[in-house]
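Visitor: Residue numbers for the sequence shown, in my numbering: 126 to 251.
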Amino acid sequence: MHFARSHSEFVAMRKDFWKRLRDQLYWTPTGFASTNNPVETFNAVLKRDYTLRRRLKMAALLQELSNGCKDKSASERFFSLEVVPAQTLIRRVSEMIREKLLYESGRDQVDIASAGHIRVIVLPNW
126 MHFARSHSEF VAMRKDFWKR LRDQLYWTPT GFASTNNPVE TFNAVLKRDY TLRRRLKMAA
186 LLQELSNGCK DKSASERFFS LEVVPAQTLI RRVSEMIREK LLYESGRDQV DIASAGHIRV
246 IVLPNW
């Protein structure tokens, strides 16, 4: 990108770069920390439980990955459609509401376009 001869060429190269980069990145869903994304968690399980953090020859690696797939497909973990917040989050939100730093506006208080949005009030640093 530093070889652009003009600003317009730089903008075009940057746009092309971001277009290609977007397909190569794992975009974490809202609510997930980027370092704790599901792909990294799955890789950690593979290393911990199946490869035992050692290099394996290809046949042994494929056998261990096959074992991992069988174990994953046999597990009876259910997928939950509800979001269950952590107790620490519930406690912190309750404290913020009690201190009048956080409130949820209702439909009768504001226009309908912004009803139900959470507003966080930040006190100035004096």
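Note that beta-carbon positions come from the ideal geometry of N, C-alpha and C, so glycine has one too.
Determine the DSSP secondary structure at LEU214, reduced to helix, strand or coil.
Guide: Helix, per DSSP.
Visitor: Please report the Cβ distance between GLU189 and THR176, rounded to the nearest whole angstrom; I am assuming they are in contact, meaning their Cβ atoms lie under 8 Å.
Guide: With a Cβ gap of about 6 Å, GLU189 and THR176 count as contacting.
Visitor: With respect to the alpha helix (DSSP H) encompassing LEU167, which residues constitute its N-terminal and C-terminal limits?
Guide: Per the sequence shown, the amino acid found at residue 167 is Phe instead of Leu. Its alpha helix (DSSP H) spans residues 163-170.
Visitor: Thinking just about the alpha-carbon of each residue, which of ARG139, ASP174 and ASP148 is nearest to the one in CYS194?
Guide: Ranking ARG139, ASP174 and ASP148 by Cα distance to CYS194 puts ASP174 first.
Visitor: Determine the direct distance from the alpha carbon of PRO163 to that of LYS140, and round the result to whole angstroms.
Guide: Distance between the alpha carbons of LYS140 and PRO163 is about 29 Å.
Visitor: Measuring only the C-alpha atoms, how far is PHE135 from ARG145?
Guide: Their Cα atoms are separated by approximately 15 Å.
Visitor: Tell me the rounded alpha-carbon separation between LYS225 and ARG217.
Guide: Each residue's alpha carbon lies about 12 Å from the other.
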